[in-house]
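These protein sequence lines are chains G and C, in that order.
Under the numbering used here, think of the first position of the first sequence as 1, with each following residue one higher.
Under the numbering used here, think of the first position of the second sequence as 1001, with each following residue one higher.
Beta carbons are placed, not taken as given, at the ideal position from N, Cα and C, and that holds for glycine.
Remarks on the structure that follows.
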Amino acid sequence: MPDRTSLKFLVVDDFSTMRRIVRNLLKELGFTNVDEAEDGAVALGKLREGNFEFVVSDWNMPNMDGLTLLQRVRADARLKTLPFLMITAEAKKENIIAAAQSGASGYIVKPFTAATLQEKLDKIFEKMGI
Amino acid sequence: MATKKDITAKSSARTSPPRQATTRKPAAKPAVRRATPARATGAVLSELKSLARELNKAAKGLNKKRSGNPKDVSSILGNVERMTAEAATKSLIEAESAKLIVGRLTDSLSRDWSRKDIEASLKELGGHLTNIIVAQEFQDLAGQSIRHALKALVGAIIVTEGSGPTEDGRLSQNEVDSLLKGLMP
């Protein structure tokens, strides 16, 4: 069984504060291999170049939003199985449905707590079998 | 806001019959007469009429925007104010709790202390610090709201992202989880 804590994360958010918060929370949960991207376009480039194993992404971002990033990831043969967790302030029913239909692995509504992040990550890992 | 009101007021004055306008402001007449002959006066009047039409058109546009925007902006900024207040309160409560633990730990050093207790206190302390970190997420939400407010004020000129967080139709995490149960395998 692979070690969870060695997973390589990509945190995507246009607000550096938020990236820092998520990075800190991940670190506290034992995940230290974390990189950041400020929008979907940068993230997609990094995902195609690096060996990322988990994406945590915001929805609202300039250049390329999180939903488009998710759709691009799912459409990419090499990336399509990547676990993709949305952390966003978009909390309307249509947003959640769109994310689920596009293949999101989890959905966290801002503002959130450390416990919520841990719970959603655990749920995804469980599905992944790790 | 004041500018919009001014323009609207000016515009409605200009849409009233020109004869009334001249009777109200007799001082303006001699100035026009003094400056130009009859033909030029006609040109000036025509230009003024055209200007009045433009202003009227602009004012109508502003009226349309005014119907929702100030209320939207007020609601958004109200949310920002609430978010910042909540984050500040949360951070202060957590920092105060952390300080209490530090005080307790310091006191314990001069008395009997156990490694187990200290470890437990440090863990508790770490929890408070984490909560302070998480409380800073208000900056993201407030930032999005402010962008939304700017967008509402300026119109659709600022091309950023979606509408940002509003309170209408937002689901809680529990509601999102329930909804996803039926949508995700």
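- Selection G:A43, G:M86, G:F15 evaluated against A100 (chain G) yields G:M86 as nearest (Cα-Cα).
- In the DSSP annotation of this structure, F31 (chain G) is not part of any alpha helix (DSSP H), being labelled neither H nor E.
- Counting only runs that start and end inside the stretch 45-108 of chain G, the beta strand (DSSP E) elements of at least 3 residues fall at 54-57, 84-88.
- At a beta-carbon threshold of 9 Å, the residues of chain G lying near T1130 (chain C) are N24, L25, E28, A114, ordered along the chain.
- For F9 (chain G), no alpha helix (DSSP H) segment is defined; the enclosing uninterrupted segment is the beta strand (DSSP E) at 9-12.
- For D1072 (chain C), none of the residues of chain G pass the 9 Å Cβ criterion, the least Cβ distance being about 16 Å.
- For S1172 (chain C), there is no enclosing alpha helix (DSSP H), as DSSP gives it neither H nor E.
- Taking the CA atoms as reference points, K1049 (chain C) sits about 29 Å from L1153 (chain C).
- Q1173 (chain C) is positioned such that its CB atom lies no closer than 8 Å to that of I97 (chain G).
- Nearest C-alpha to T88 (chain G) among G:R4, G:L7, G:T5, G:D14: G:D14.
- A Cβ of chain G is located within less than 8 Å of the beta carbon of V1134 (chain C).
- Contact between V73 (chain G) and V55 (chain G) holds: CB atoms are separated by about 7 Å, below the 8 Å threshold.
- Within its own chain, the residues whose Cβ lies closer than 6 Å to the Cβ of L25 (chain G), once the five positions on either side in sequence are excluded, are A114, L117, listed in chain order.
- In chain order, K8, L10 place their CB closer than 6 Å to the CB of F52 (chain G), counting only its own chain and leaving out the 5 sequence neighbours on each side.
- Of the residues G:V12, G:P111, G:K123, the one whose Cα lies closest to the Cα of L47 (chain G) is G:V12.
- Per DSSP, K1116 (chain C) is one residue of the alpha helix (DSSP H) stretching across 1115-1135.
- Closest option to M61 (chain G), judged by alpha-carbon separation, among G:G129, G:D39, G:I124: G:D39.
- With its beta carbon at least 8 Å from every one in chain G, V1080 (chain C) lies outside the interface.
- Taking 8 Å as the CB threshold, A91 (chain G) lines the interface with chain C.
- By the Cβ-count criterion, L1183 (chain C) is exposed, with fewer than 16 other Cβ atoms from all chains shown falling within 10 Å of its own Cβ.
- Using a Cβ-Cβ cut-off of 7 Å, L1180 (chain C) is close to I96, A100, Y107 of chain G, given in chain order.
- A Cβ-Cβ separation of about 18 Å leaves A41 (chain G) out of contact with M18 (chain G) under the 8 Å criterion.
- Neighbours of I21 (chain G) in chain C, taken as residues at a C-beta separation under 7 Å, are given in chain order as I1133, V1134, Q1136, E1137.
- The stretch 1120-1134 of chain C makes contact with the stretch 1097-1110 of chain C, as at least three CB pairs between them are under 8 Å.
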